[in-house]
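Novice: What follows is a single structure, and I will ask about it in a moment.
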Amino acid sequence: MRRALRSPTPPAEGKRRSRRSRRLALLAAPVAAMVAVPLALTLPGGPASAASTRTFLVVYSGSAEAGRAAVAKLGGTIESENAETGLAVVTSTDASFETKAGANAALVGAAPNAPIGYAVPDIAGGSGAGKDQSFTQRERDLSRAGGGTKPGKPGKPAAGAEPLSSLQWDMQLMGATPTGSYKYEPGDKGVLVGVIDTGIDGTHPDIAPNFNKGLSRNFVTDIPTDPASGEEVDGPCEHPSCKDPVDEDDDGHGTHVASTIASPINGLGIAGVAPNVQLVNVRAGQDSGYFFLKPTIDAITYAGDAGIDVVNMSFYTDPYLFNCKANPADSPERQAEQRTIIAATQRAVAYASRRGVTLIAASGNEGFDLGHPTGDDTSPDYPPSGSAAYPRVIDNSCLSMPSEAPNVLDVNAIGPSKRLSYYSNYGLEQTVVAAPGGDAYDGSATRKVTNEILAAYPKNVAVANGDIDENGDPTSEFVIRDDSLGKASYYQYLQGTSMASPHAVGVAAIIVSALGRKDLRHGGLTLDPAIVQQQLQRTAVATPCPTPNPYVYPAPVPASYTKTCEGSTKFNGFYGNGIVSALNASKLH
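Numbering-wise (my numbering), the sequence shown opens with residue 557 and increments by one.
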């Protein structure tokens, strides 16, 4: 999920990370212990109501009645509650609330609501898995760190294809073309796809026709600076309220993801995997790319309440890349924080899944075997300076949220040759399918821009990043402008498992379009997530482990990226059940 990198180079070392097994294990609603999560960092300027007041996310262990009693005993006030999931927002003026929560048998503990960020590693610059700046800014910096091939002009599109379709190797690989899946099933307007990310530029000419503004929600408030450390987080607010409109994306990541899923066939730019479905912005990410716990939980549960069919989650919930319940390197307080993140996320995911939401996530960009993780030296990754991080030895019991929650399907990234992307995580236990995510060094000794994924780029972000000049012309090899139909629209090349996940989401949307039944509660279509997963895996193209195995990537990818593929052609740790196929899914009628 996670931090896509515009055109990075592989890191010197790849570290670790574990993942969840991907069989759709539908969780029951019962709650584990009650937990408390401070949310003050999500509020601009500090605590919610006064300097002495702090806000927590609480998870009940049993009945709501027992949970409420426990909160009251500790002097907390319940501000809001979702009894079905056993989650409550609680405020307290007691400075020792967290300490008491950790010592109370009715509570798991208290966890700060902190940030996210998967970055594709840079060959020369180390792993980059931590996050000390906006991932978009980091991508820009890495892109300009060394040369790269110019993308050049697009070729002549095929009959009925979009103007930039010749640059979409990803869609061609999946059969998402006018003579392929678009012919049989381009998606149904009754299918809703939620993008839990940094927002969607709903005004982008190649997104607007499919953007559902009415259902879109923004669960975050911009944070100019961290109230505790004074460090910059999102920078100056774009609006007086510090609350961005639901059709705005000041980062660019969410817009890229949304465009891959469902850019329409409209004679402009590109087309997505499912060009007729509706896109819903379910924003949980800050402008800076951090994903705090409370907005993430709100976004996931909203997807269930709003009747959304499929959601894309290309992120992990900060501040822990891996959440370990009892790692000896962590203090008791930090162990409780991580248990809290796991419990709250699993509850929200189970809630959404029971309400018909198929949840799909990116596997991560560290290049690790998720079934055999070894270390995490990037957590906690907040405040932004990264000064809080410390090294930990971890094992497969440590989980990244929300991707390792039951009911969430992980997707690995591949390049144009179908090799597993050098940066992509993998694992026999964790992988469900693979999809195009880009690989700048696939078949090239230098970074090749066109090996990455081209999708929509918000003009406001392009201007802020200096990617277009005063005349609106691109200044970067990673940016393409299209003036078809007299509308200037912008697109950028990115790579990462963040880019792979939305390809699988688009295929899932095709499956719902083809096999879905009428949604009596919300209108449109709906389909059991278990069926969506089954068909996503069944229609994927089985792909064997590479030969030789372990697979050694050609230069310039370092030997540290050598990967061992476990499993058979039918199912393995690189490709899961195979590479997703829009064409196969479109023929399910």
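Every residue gets a Cβ at the ideal spot worked out from N, C-alpha and C, and that includes glycine.
Specify the secondary structure class of Q842 as computed by DSSP and reduced to three states.
Specialist: The sequence position of residue 842 within the sequence shown is 286, counting from 1. If DSSP states are grouped into helix, strand and coil, Q842 belongs with coil.
Novice: On the DSSP bridge assignment, give the partners of T987 in chain order.
Specialist: In the sequence shown, counting from the first residue as 1, residue 987 sits at position 431. The partner list for T987 (beta bridge, DSSP) reads D966.
Novice: Any chance you could list the alpha helix (DSSP H) runs of at least 4 consecutive residues sitting entirely within the segment 985-1048, in chain order?
Specialist: Qualifying alpha helix (DSSP H) stretches, in chain order: 1015-1020.
Novice: Look up M730 in the DSSP assignment and say whether it is helix, strand or coil.
Specialist: Locating residue 730 in the sequence shown gives position 174, where the first residue counts as 1. Reduced to three states, the DSSP call for M730 is helix.
Novice: How would you call G1052, buried or exposed, if buried means at least 16 neighbouring beta carbons within 10 angstroms?
Specialist: Numbered from 1 along the sequence shown, position 496 holds the residue referred to as residue 1052. Label assigned to G1052: buried.
Novice: Could you give the DSSP three-state label for G1062: helix, strand or coil?
Specialist: For the purposes of this step, residue 1062 is identified with residue 506 of the sequence shown, where counting begins at 1. Helix.
Novice: Excluding five sequence neighbours on each side, which residues of the same chain lie with their C-beta closer than 6 angstroms to the C-beta of Q894?
Specialist: Mapped onto the sequence shown, residue 894 falls at position 338. Hits under 6 angstroms: Y876, N879 and C880.
Novice: Would you give the residue range spanned by the alpha helix (DSSP H) that A859 belongs to?
Specialist: Here residue 859 corresponds to residue number 303 of the sequence shown, with the count starting at 1. It spans L849 to A862 - the alpha helix (DSSP H) in which A859 sits, taken as one unbroken run.
Novice: How big is the Cα-Cα spacing for V988 and G1132?
Specialist: Numbered from its first residue, the sequence shown carries residue 988 at position 432. Numbered from its first residue, the sequence shown carries residue 1132 at position 576. Cα-Cα distance, rounded: 5 angstroms.
Novice: Which partner residues of R948 appear in the DSSP bridge assignment?
Specialist: What you label residue 948 is simply residue 392 of the sequence shown in a count that begins at 1. Note: R948 sits in a beta bridge opposite D932.
Novice: Report all residues from its chain with a CB closer than 8 angstroms to the CB of E787; omit the five preceding and five following residues, and keep chain order.
Specialist: Working through the sequence shown from its first residue, we reach residue 787 at position 231. So the qualifying residues of the chain are T781, P939, P940 and S941.
Novice: Ordered along the chain, which non-local residues of its own chain (more than five positions away) have a Cβ less than 6 angstroms from that of T857?
Specialist: Here residue 857 corresponds to residue number 301 of the sequence shown, with the count starting at 1. For T857, where only same-chain residues beyond five positions count, the Cβ hits under 6 angstroms are A904 and Y907.
Novice: Judging by CA-CA distance, which residue of F612, S1069 and T1006 is the nearest neighbour of S648?
Specialist: Mapped onto the sequence shown, residue 648 falls at position 92. Cα-wise, what sits closest to S648 is F612.
Novice: Measuring straight from C-alpha to C-alpha, what distance separates P719 and D1038?
Specialist: On the sequence shown, residue 719 is found 163 positions in, with the first residue counted as 1. On the sequence shown, residue 1038 is found 482 positions in, with the first residue counted as 1. Cα to Cα, P719 sits roughly 8 angstroms from D1038.
Novice: According to DSSP, which residues form a beta bridge with K1119?
Specialist: In the sequence shown, counting from the first residue as 1, residue 1119 sits at position 563. DSSP lists Y1107 as partners of K1119.
Novice: When DSSP labels each residue in this structure, what does V1178 get in the three-state scheme?
Specialist: There is no way to answer for residue 1178, as the model of the chain reaches only from 557 to 1145.
Novice: Excluding the 5 residues flanking P1014 on each side, which residues of the same chain have their C-beta closer than 7 angstroms to its C-beta?
Specialist: Counted from its first residue, the sequence shown places residue 1014 at position 458. Excluding positions up to five away in sequence, the list reads D757, H760, D805, G808 and T811.
Novice: Tell me whether V1108 is buried or exposed, calling it buried when 16 or more other Cβ atoms sit within 10 Å of its Cβ.
Specialist: By one-based count along the sequence shown, residue 1108 stands at place 552. Exposed, by the Cβ-count rule.
Novice: Going by beta carbon distance, what residues of the same chain come within less than 7 angstroms of P765, once the five residues before and after it are set aside?
Specialist: Your numbering for residue 765 matches position 209 in the sequence shown. Taken in chain order, the residues that qualify are P820 and N822.
Novice: Give me the Cα-Cα distance between W725 and V789, rounded to the nearest whole angstrom.
Specialist: Here residue 725 refers to the residue found at position 169 when the sequence shown is read from its first residue. Here residue 789 refers to the residue found at position 233 when the sequence shown is read from its first residue. When rounded, the distance between both Cα atoms is 36 angstroms.
Novice: Check whether the segment 796-803 and the segment 728-742 are in contact - that is, three or more C-beta pairs closer than 8 angstroms.
Specialist: No, the segment 796-803 does not touch the segment 728-742.
Novice: Count the other C-beta atoms from every protein chain shown that fall within 10 angstroms of the C-beta of K1126, then say buried if there are 16 or more, exposed otherwise.
Specialist: Translated into the one-based positions of the sequence shown, residue 1126 becomes position 570. That one is exposed.
Novice: Whole angstroms are fine: how far does the CA of G983 sit from the CA of R572?
Specialist: The sequence position of residue 572 within the sequence shown is 16, counting from 1. The sequence position of residue 983 within the sequence shown is 427, counting from 1. Low confidence applies to R572: its pLDDT is 25, below 50, so where it sits in the model is not reliable enough to give any reading.
Novice: Hey, G1062 and T816: beta-carbon distance below 8 angstroms or not?
Specialist: Here residue 1062 corresponds to residue number 506 of the sequence shown, with the count starting at 1. Here residue 816 corresponds to residue number 260 of the sequence shown, with the count starting at 1. The answer is yes: Cβ separation under 8 angstroms.
Novice: Looking only at C-alpha atoms, which of L1083, C1101 and L1139 sits nearest to G746?
Specialist: Here residue 746 refers to the residue found at position 190 of the sequence shown. Cα-wise, what sits closest to G746 is L1083.
Novice: Out of Q1048, A659, E985 and S617, point me to the one whose CA is closest to G994's CA.
Specialist: By 1-based counting over the sequence shown, the position of residue 994 is 438. When only C-alpha atoms are compared, the closest one is Q1048.
Novice: For T633, collect the residues of the same chain with a Cβ closer than 6 angstroms to its Cβ; drop the 5 residues on either side in sequence, then sort them by chain order.
Specialist: For the purposes of this step, residue 633 is identified with residue 77 of the sequence shown, where counting begins at 1. These residues qualify, in order along the chain: T647.
Novice: What first and last residue would you give for the alpha helix (DSSP H) that runs through S909?
Specialist: For this step, residue 909 is matched to residue 353 along the sequence shown. Unbroken alpha helix (DSSP H) run through S909: P888 to R910.
Novice: According to DSSP, is A882 helix, strand or coil?
Specialist: The residue labelled residue 882 in the question sits at position 326 within the sequence shown. Reduced to three states, the DSSP call for A882 is coil.
Novice: For G1080, collect the residues of the same chain with a Cβ closer than 6 angstroms to its Cβ; drop the 5 residues on either side in sequence, then sort them by chain order.
Specialist: By 1-based counting over the sequence shown, the position of residue 1080 is 524. G746, listed in sequence order.
Novice: Using only alpha-carbon positions, find the residue among S652, M1055, A784 and H1145 that is nearest to G631.
Specialist: In the sequence shown, counting from the first residue as 1, residue 631 sits at position 75. Of the candidates S652, M1055, A784 and H1145, the one whose C-alpha sits nearest the C-alpha of G631 is S652.
Novice: Nearest-angstrom Cα distance between I1087 and M869?
Specialist: Locating residue 1087 in the sequence shown gives position 531, where the first residue counts as 1. Locating residue 869 in the sequence shown gives position 313, where the first residue counts as 1. Answer to the nearest angstrom: the Cα atoms are 20 angstroms apart.
Novice: Could you spell out where the beta strand (DSSP E) holding I916 opens and where it closes?
Specialist: In the sequence shown, residue 916 corresponds to position 360, counting from 1. It spans T914 to A918 - the beta strand (DSSP E) in which I916 sits, taken as one unbroken run.
Novice: Tell me which residues share the same chain as Y740 and place their Cβ nearer than 7 angstroms to its Cβ, disregarding the 5 neighbours each side in the sequence.
Specialist: Here residue 740 is taken as the residue at index 184 of the sequence shown, counted from 1. So the qualifying residues of the chain are S1142 and K1143.
Novice: Can you tell me whether DSSP reads R1077 as helix, strand or coil?
Specialist: Within the sequence shown, the letter at position 521 stands for residue 1077. Note: R1077 maps to coil in three-state DSSP.
Novice: Closest by CA to E960, which one among F871, E1033 and D937?
Specialist: By one-based count along the sequence shown, residue 960 stands at place 404. Of F871, E1033 and D937, the residue nearest in Cα terms is F871.
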